[in-house]
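All remarks here apply to the structure that follows.
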Amino acid sequence: MLTQDAIHAIIFQALSNVNDERGPVERLDIGATTILFGTDAVLDSLSLVSVIVDVEAAVSEISGRDMVLTDDRAMSQEVSPFSDVSSLTAYILLLLSEPVL
Amino acid sequence: MSSTLQYDGKFALVTGSRRGVGRLITEHLLQHGAQVAGFARGEATFEHPKYVHFQVDVSDPASVQKGFAALKRITEVVHIVVNNAAVLTSQYAMIMPPAAAQAMINTNLFGTFMVSREASKMMRKSKWGRIINIGSMAASLEPIGDSVYAACKAGVSTLANVMARELAPLNVTCNTLGVSGIQSDMLAQLPKDKIAAVIAGLPLPRFAEPDDILNVLDFFASDRSSYITAQTVFLGGVN
């Protein structure tokens with residue numbers, strides 16, 4: 060079972076991968092409150108897609124479960140899972156806590 | 002044809018690699034230095050030291066994802082994807098079996114989407130990619146009996162065009178090669194008189210030769226074509 064810290068680390072790594080593509084002044088401040096999506100988001104759309112792809116791949120590999128973060132359910136959450144790092148972490152923990160169908 | 006190894010160092014994925022146009026393209030890429038992975042439902046029909054075959058049904062998303070998981074065990078990068086796998090049932094719409102129509106949609110359109118989707122995730126890392134969809138003159142000529150097939154082939158052009166926009170920042174181009182008639186198992190399913198009439202109506206009224214296809218493939222796949230994306234090139238004067 061992945062812990063909150065482990066999921067944070069996965070998301071931080073994905074954001075770090077985005078930073079690798081950016082110049083020094085464009086780099087993101089990475090932390091639990093980093094806003095991923097919305098009017099104050101620090102990511103452009105393609106960077107957000109990159110983060111999602113990296114996180115899905117890493118969580119799937121480590122947990123051994125297919126992880127889809129952008130299905131209808133994610134989009135219909137009261138609080139978007141992509142609001143910030145913490146909300147994404149919480150959503151992944153929720154998905155992992157559910158039995159495999 | 003050039004004898005230089007123009008694909009040396011490149012890793013290509015070809016769907017429907019067992020026969021027909023897919024096999025032609027696969028053998029061409031191998032001959033010119035690429036490593037090639039083939040996705041097809043059946044077992045490999047040939048061997049080559051730089052060819053690896055995966056039994057993948059592109060119409061099944063789970064099969065595609067399993068195929069990519071296996072592919073990632075042998076390579077971290079895919080440079081070139083040729084979405085060639087296709088099935089054809091030609092029949093008046095009123096009597097087209099729904100299952101046959103669904104199979105065309107699943108393989109020809111949805112399969113192309115799924116393979117492009119997964120491959121572009123790999124291309125994202127290397128910041129270089131060429132996605133080449135195999136289209137058809139049917140998309141333009143709209144022949145009787147090919148309602149679903151033609152719609153799927155028009156769809157793969159649109160798919161390429163939209164993905165071209167999405168993937169442009171990653172230096173990945175997406176184009177469509179609109180094949181005209183080539184002697185193949187697929188074409189052999191159709192009535193000879195129907196094919197003859199279609200070919201006779203082309204501005205260049207002959208069947209496509211293998212090199213006609215490979216010429217455009219090489220153009221789309223080349224390093225020099227980094228500014229060529231969201232294009233459909235038809236053979237034989239179809240437009």
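Going down the list, the protein sequences come from chains A and B.
Each residue of the first sequence is one higher than the last, beginning at 60 in my numbering.
Each residue of the second sequence is one higher than the last, beginning at 2 in my numbering.
Note that CB positions come from ideal geometry on N, CA and C, so glycine has one too.
How should I96(B) be labelled, buried or exposed, when 16 other C-beta atoms within 10 angstroms of its C-beta is the threshold for buried? exposed
Using 8 Å for Cβ pairs, my map puts N84(B) next to V116(B). What's the rounded Cβ distance? 6 Å
Check whether chain B comes within 7 Å of V112(A), counting only Cβ atoms and requiring the distance to be less than that. yes
Does the beta-carbon of S75(A) have 16 or more other beta-carbons within 10 angstroms, so that it is buried, or is it exposed? exposed
Unbroken stretches of the alpha helix (DSSP H), 4 residues or longer, contained in the region 70-116 of chain B: 99-105
Helix, strand or coil for T174(B)? Go by DSSP, reduced to three states. strand
For S137(B), is the classification buried or exposed, using 16 other Cβ atoms within 10 angstroms of its Cβ as the cut-off for buried? buried
Rounded separation between G146(B) and Q184(B) - CA only: 19 Å
With Y52(B) as the anchor, note down where its beta strand (DSSP E) starts and where it stops. 52-56
For V234(B), the residue or residues it bridges with in DSSP: L178(B)
On a CA-only basis, which of D186(B), N134(B), T174(B), P170(B) is nearest F235(B)? Give me that one, please. N134(B)
Tell me the DSSP secondary structure of T27(B) in three-state form. helix
Compare the C-beta of P62(B) against all C-beta atoms of chain A and say whether one is closer than 7 Å. no
Are the CB atoms of N162(B) and A231(B) nearer to each other than 7 Å? yes
Assigned exposure category for A41(B) - 16 Cβ within 10 Å defines buried: buried
For T62(A), count neighbouring Cβ atoms within 10 angstroms of its own Cβ and tell me buried if that reaches 16, exposed if not. exposed
Within 7 Å (strictly less), CB to CB, does K122(B) reach chain A? yes
Per-residue DSSP class, three states only, for S119(A): helix
Answer with yes or no whether the minimum CB distance from L107(A) to chain B is below 7 Å. no
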